[in-house]
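J.: Residue numbers (this note's numbering): 45 to 187. Ideal Cβ positions, reconstructed from N, Cα and C, are used throughout, including at glycine. This is the structure I have questions about; it appears just below.
Shown next as structure tokens:
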């Protein structure tokens with residue numbers, strides 16, 4: 045069965061990334077192209093990165109990295125292949141303006157800057173209620 049975008053089908057989205065509960069930090073795939081992806085993530089009370097009702101910066105970084113993994117996983121899905129395992133190779137920069145709270149819905153936009161031999165350089169912007177709350181640039185590598 046071919047999935048149409050946008051989708052928040054948890055089983056489908058989960059099949060596109062290597063992480064499993066309780067470490068899944070994406071729940072929605074809204075837009076996809078060869079060099080672009082938009083993902084969504086609703087922060088739940090039981091999230092492992094919640095401390096005193098606040099989603100920690102480490103959770104934001106993981107959400108952004110999983111958004112990159114979602115891009116790779118969806119690309120492989122379109123090719124009829126299983127999603128590969130990937131890793132954060134380097135975080136060149138990360139800035140968080142504010143930390144979101146339980147119940148907030150994060151929207152992240154991934155822009156693929158360069159992809160060579162399984163190493164991908166990306167810019168990621170995360171928004172909450174239309175305002176940018178975090179930005180990063182990282183390299184990820186596919187195993």
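CB-CB under 6 Å to residue 154, same chain, minus the five flanking residues each way: which ones, in chain order?
T.: Hits under 6 Å: 81, 111, 112, 115, 166 and 168.
J.: When burial is assigned at 16 or more other CB atoms within 10 Å of the CB, is residue 173 buried or exposed?
T.: By the neighbour-count rule (16 or more Cβ atoms within 10 Å), residue 173 is not buried but exposed.
J.: Since I believe residue 71 is in contact with residue 170 (beta carbons under 8 Å), could you give me their beta-carbon distance rounded to a whole number of angstroms?
T.: So it is not a contact: roughly 14 Å between Cβ atoms.
J.: Whose C-alpha, out of 149, 176, 89 and 135, is nearest the C-alpha of residue 102?
T.: If we check each option's Cα against that of residue 102, 135 comes out closest.
J.: Along the alpha helix (DSSP H) that carries residue 110, what are the first and last residues, could you check?
T.: That run of the alpha helix (DSSP H) goes 101 to 122.
J.: In the DSSP assignment, the alpha helix (DSSP H) including residue 56 goes from what residue to what residue?
T.: Start and end: 54 to 59.
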